[in-house]
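Engineer:
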Amino acid sequence: MARVSIIGAGTTGLVAAYALLRDGHEVTLYSDRTADEWLEGRPTGTAYLYGETIDVERELGMDHWSQDMFGGMGVLLDFKPELAGEAHMRVVGNWGSLGSGIDMRMRVHRWMNDLESRGGKLVIEAVTPERTDEIAQNSDVTMLAAGKADLGNLIPRDAVRSVYDKPQRNLAMVVVTGVTGWQKECGGFEPVKFNFFGDTGEYFWVPFTHKTHGATWCLLWEAKAGKAFDRFGECASGQDIVEISKELIKEHAPWEWENVKGMEYVTGDDFAWLIGRFPPTVREGFGRLPSGALIMPVGDTAIAFDPIGGQGGNNAQRMAKFVADRITAHEGKPFDAAWMKQVNDDWWYLHGKWAYEFNNLLLEPLEPAAAMLLEECAKNRLFADQKFFPNFPRPHNFFPAIVEPDAARELIARANTRA
Ligand SMILES: Cc1cc2nc3c(=O)[nH]c(=O)nc-3n(C[C@H](O)[C@H](O)[C@H](O)COP(=O)(O)OP(=O)(O)OC[C@H]3O[C@@H](n4cnc5c(N)ncnc54)[C@H](O)[C@@H]3O)c2cc1C
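Quick note: to get the numbering used here, add 1302 to the position in the sequence shown (first position is 1).
#1: So Gly-1587 and Lys-1643 are supposed to be a Cβ contact under 8 Å. How far apart are they, rounded?
#2: From Ala-1639 to Ala-1618, what distance separates their C-alpha atoms?
#3: Let me confirm a value: Val-1722 is counted as buried when at least 16 other C-beta atoms fall within 10 Å, else exposed. Which label applies?
#4: State yes or no: is the C-beta of Ile-1543 nearer than 8 Å to some heavy atom of ligand 1?
#5: For a test of your reading of the model: does the CB of Leu-1378 fall under 8 Å from any non-hydrogen atom of ligand 1? Yes or no.
#6: Touch check for the region 1310 to 1319 and the region 1399 to 1416: three-plus C-beta pairs under 8 Å?
#7: Which residues does DSSP pair with Pro-1493 in a beta bridge?
#8: Buried or exposed, going by whether 16 or more other CB atoms sit within 10 Å of the CB of Ala-1337?
#9: Give me the Cα-Cα distance between Gln-1470 and Ala-1527, rounded to the nearest whole angstrom.
#10: Which two residues bound the contiguous beta strand (DSSP E) that contains Val-1600?
#11: Tell me the DSSP secondary structure of His-1327 in three-state form.
#12: Which residue comes first and which comes last in the alpha helix (DSSP H) that contains Glu-1388?
#13: Using only the heavy atoms of ligand 1, determine whether one of them is closer than 8 Å to the beta carbon of Gly-1347.
#14: List in chain order: all unbroken alpha helix (DSSP H) runs of 4+ residues lying wholly within the region 1635 to 1659.
#15: Tell me the rounded alpha-carbon separation between Arg-1696 and Asn-1472.
#16: Would Gly-1483 be called buried (16 or more neighbouring beta carbons within 10 Å of its own) or exposed?
#17: Cβ of Lys-1450 within 8 Å of any heavy atom in ligand 1?
#18: CA-CA distance, Ser-1419 and Arg-1463?
#19: Would the beta-carbon of Val-1477 fall within 9 Å of that of Gly-1540?
#20: To the nearest angstrom, how far is the alpha carbon of Ile-1404 from that of Tyr-1350?
#21: I want to check one thing, is the minimum distance from the CB of Glu-1492 to the heavy atoms of ligand 1 below 8 Å?
#22: Under 9 Å, do Tyr-1352 and Gly-1601 count as touching if we go by C-beta distance?
#23: Which residues in the same chain as Ser-1307 place their Cβ atom closer than 6 Å to its Cβ, once the five residues preceding and following it in sequence are excluded?
#24: If distances are taken between C-alpha atoms only, which option among Asp-1357, Thr-1518, Asp-1380 comes closest to Glu-1487?
#25: If you check the beta carbons only, do Tyr-1320 and Met-1364 fall under 9 Å apart?
#26: Apply the 10 Å Cβ neighbour rule to His-1512 and answer buried if 16 or more other Cβ atoms are within range, or exposed otherwise.
If you want it as structure tokens, here you go:
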């Protein structure tokens, strides 16, 4: 049994805690918010989780919502290379498992409240760098799961893996009712509805399960700085975001105006919206504190993804389970710097790197290979359903075809030969 401390009670910290408790470890979880503050406050994101990620919660006995969630099954994408141009491509594809953005506030609230009955200890404390050092000195392993909070700076940024040192998009998120959805266009399933404008930015709709309203939609804007969508910086309420969204969509995305014109901000929830920006950042495998004690990053503290590709929360929860399993496998041996680096590298090469590279591709002008694949998806639904969209939960499978034109051509040719 290891004595494990986890700093940060978001979804990452809690999945790690439950996995470790299941394996019999002694777990102390530090949170700067109480369970009720989590439930009644602002979420840190609105992660759409793929079925594979919800499986982690199912396996750990933490899933109390998926049987009733408002689920999504794939993607409907409208792509315009230029906001003002005529060219417009539409692609639909199924990724093969039901997922949803299940309101993390109700998940974290319940998981925090249940923690002690699972054998864990919860400490409400805004942990400082000095306290982190004390905690780490008194633990066999200390995981830092503080999301994108400043405490993450205790672990050096990995300059090689990070790619960006500045925010790539200005973000605005809001949860709404009154959207009719896109089932008809997708042949029966609700999609995550993407709209990509090569020169301006993106916005997308996520099937969302709100803590009190249930089936809702989460609308997320990804505005390139200074471009037409970059209008949310001064918003002071969810209603402000809704009003600007209506104006932008009516003008620039008439193809979906009928589906969304009835949108309204969710009632009775002052915090179902966010605006902000952050640089997508990868951290090194461990941080060394002044006493010499070590901490290891998990979830967003380890890899913070721009939300554009729906990878952050999915990476975070699976990484939490992966690191917890590795702690169990290593019991009785020293949890030293070499071990922490190895665990971090193993996760990076298994999943993190591919999710991060795929996600970053979406922030950049469309690569020729990716354009070929998307054009094939637009023509060939079977290709979209079998060769492209199922890779979203497993981004490793996008490579090399999504970046190498020869590999893309070969994939398309092989798929068409078989068909
Ligand atoms: C608008 C938006 C949309 C998103 N959409 C998606 C999506 O569709 N799909 C997807 O997979 N991902 C998405 N993400 C990313 C996803 O939300 C995050 O990856 C995920 O929430 C990270 O969880 P975490 O537990 O690592 O961090 P967090 O959720 O940030 O939790 C960190 C916790 O640590 C606590 N904390 C911080 N500092 C301290 C301290 N000093 N002491 C004690 N506690 C502390 C915080 O209060 C918080 O409770 C989105 C993100 C945003 C912003």
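Every residue gets a Cβ at the ideal spot worked out from N, C-alpha and C, and that includes glycine. On a predicted model such as this, the values are computed, not experimentally measured, just so you know.
Structural biologist: Walking through what the data contain:
#1: The residue you call residue 1587 lines up with position 285 of the sequence shown. The residue you call residue 1643 lines up with position 341 of the sequence shown. Here Gly-1587 really is in contact with Lys-1643; their C-beta atoms are around 4 Å apart, less than 8 Å.
#2: Locating residue 1639 in the sequence shown gives position 337, where the first residue counts as 1. Locating residue 1618 in the sequence shown gives position 316, where the first residue counts as 1. Looking at the two C-alpha atoms, the distance is approximately 21 Å.
#3: Residue 1722 is absent from the structure shown; the chain starts at 1303 and stops at 1721.
#4: Here the question's residue 1543 lines up with position 241 in the sequence shown. Not so, every heavy atom of ligand 1 lies at least 8 Å from the Cβ.
#5: In the sequence shown, the residue the question calls residue 1378 occupies position 76. Answer for Leu-1378: no, Cβ out of range of ligand 1.
#6: Contact check between the region 1310 to 1319 and the region 1399 to 1416: three or more CB pairs, one atom from each, fall below 8 Å, which counts as touching.
#7: Mapped onto the sequence shown, residue 1493 falls at position 191. DSSP lists Gly-1376 as partners of Pro-1493.
#8: Here residue 1337 corresponds to residue number 35 of the sequence shown, with the count starting at 1. Result: buried.
#9: Translated into positions along the sequence shown, residue 1470 becomes position 168. Translated into positions along the sequence shown, residue 1527 becomes position 225. If I take the Cα positions, the gap works out to 8 Å.
#10: Residue numbering aside, residue 1600 sits at position 298 when the sequence shown is read from its first letter. Counting along the chain, Val-1600 sits inside no beta strand (DSSP E), nor does DSSP assign it H or E at all.
#11: The residue labelled residue 1327 in the question sits at position 25 within the sequence shown. Coil at His-1327, not helix or strand.
#12: To locate residue 1388, count along the sequence shown from 1; it is residue 86. If you look at Glu-1388, you'll find it isn't in any alpha helix (DSSP H); DSSP assigns it neither H nor E.
#13: For this step, residue 1347 is matched to residue 45 along the sequence shown. Yes - ligand 1 has a heavy atom lying nearer than 8 Å to the Cβ of Gly-1347.
#14: Taken in chain order, the unbroken stretches of alpha helix (DSSP H) that lie wholly in the region 1635 to 1659 and span 4 residues or more are 1639 to 1649.
#15: Mapped onto the sequence shown, residue 1696 falls at position 394. Mapped onto the sequence shown, residue 1472 falls at position 170. Rounded to whole angstroms, Arg-1696 to Asn-1472 spans 26 Å at the Cα level.
#16: Counting from 1 along the sequence shown, the entry for residue 1483 is found at position 181. Buried, since its Cβ has 16 or more Cβ neighbours within 10 Å.
#17: Numbered from its first residue, the sequence shown carries residue 1450 at position 148. It does: the Cβ of Lys-1450 is within 8 Å (strictly closer) of some heavy atom of ligand 1.
#18: Locating residue 1419 in the sequence shown gives position 117, where the first residue counts as 1. Locating residue 1463 in the sequence shown gives position 161, where the first residue counts as 1. The alpha-carbon atoms of Ser-1419 and Arg-1463 are separated by roughly 39 Å.
#19: In the sequence shown, residue 1477 corresponds to position 175, counting from 1. In the sequence shown, residue 1540 corresponds to position 238, counting from 1. Cβ distance < 9 Å, so Val-1477 and Gly-1540 count as in contact.
#20: Mapped onto the sequence shown, residue 1404 falls at position 102. Mapped onto the sequence shown, residue 1350 falls at position 48. Spanning the two alpha carbons is a distance of roughly 7 Å.
#21: As a working mapping, residue 1492 is identified with position 190 in the sequence shown. Outside the cutoff, so no.
#22: The residue labelled residue 1352 in the question sits at position 50 within the sequence shown. The residue labelled residue 1601 in the question sits at position 299 within the sequence shown. Inclusion of Tyr-1352 and Gly-1601 in the CB contact set at 9 Å is not warranted, their separation being larger than that value.
#23: Numbered from its first residue, the sequence shown carries residue 1307 at position 5. Contacts found: Thr-1330, Ile-1437, Ser-1441, Thr-1444.
#24: For this step, residue 1487 is matched to residue 185 along the sequence shown. Taking only the C-alpha atoms, the option nearest Glu-1487 is Asp-1380.
#25: In the sequence shown, the residue the question calls residue 1320 occupies position 18. In the sequence shown, the residue the question calls residue 1364 occupies position 62. The Cβ atoms of Tyr-1320 and Met-1364 sit closer than 9 Å to each other.
#26: For the purposes of this step, residue 1512 is taken as residue 210 along the sequence shown, with counting starting at 1. The residue in question, His-1512, is buried, as its Cβ has 16 or more Cβ neighbours within 10 Å.
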